[in-house]
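Participant:
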Amino acid sequence: MEAIIGNASAAKAGGNALVLGKLKELYMEAFAHDGFAELRVEMRILRRGQKEVILHCGKQYRFVVDYLPQAN
6 MEAIIGNASA
16 AKAGGNALVL
26 GKLKELYMEA
36 FAHDGFAELR
46 VEMRILRRGQ
56 KEVILHCGKQ
66 YRFVVDYLPQ
76 AN
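Residues in the sequence shown are numbered from 6 upward in steps of one, following my numbering.
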């Protein structure tokens, strides 16, 4: 796993920033590629208030990010 984030909400924001940064990087690479490219995002709910985010783009980039569901 590329990033494992602790329980603080600041860490949650940092974890999301890592994922978004990698997503932007992969998007820019795919867009610049002279041919077909595929980019896919997968999210799974884990135990202990975490989500696993998997970015597929030729390779897989896996992140585990803290997640607290918001009440409506």
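The C-beta atom is built at its ideal place from N, Cα and C for all residues, glycine as well.
For residue 68, count the other beta carbons within 10 Å of its own beta carbon; 16 or more makes it buried, fewer makes it exposed. Which is it?
Facilitator: Result: buried.
Participant: Is residue 36 helix, strand or coil when you go by DSSP?
Facilitator: In this structure, residue 36 counts as helix in the three-state DSSP scheme.
Participant: My assumption, with CB atoms under 8 Å, is that residue 60 sits in contact with residue 46. Please give the rounded CB distance.
Facilitator: The Cβ separation is near 6 Å, so the contact holds.
Participant: Under the three-state reduction of DSSP, which class applies to residue 43: helix, strand or coil?
Facilitator: Residue 43 falls in the coil class under three-state DSSP.
Participant: Return the CA-CA distance between residue 72 and residue 63, expressed in angstroms with no decimal places.
Facilitator: Going from the Cα of residue 72 to the Cα of residue 63 covers about 27 Å.
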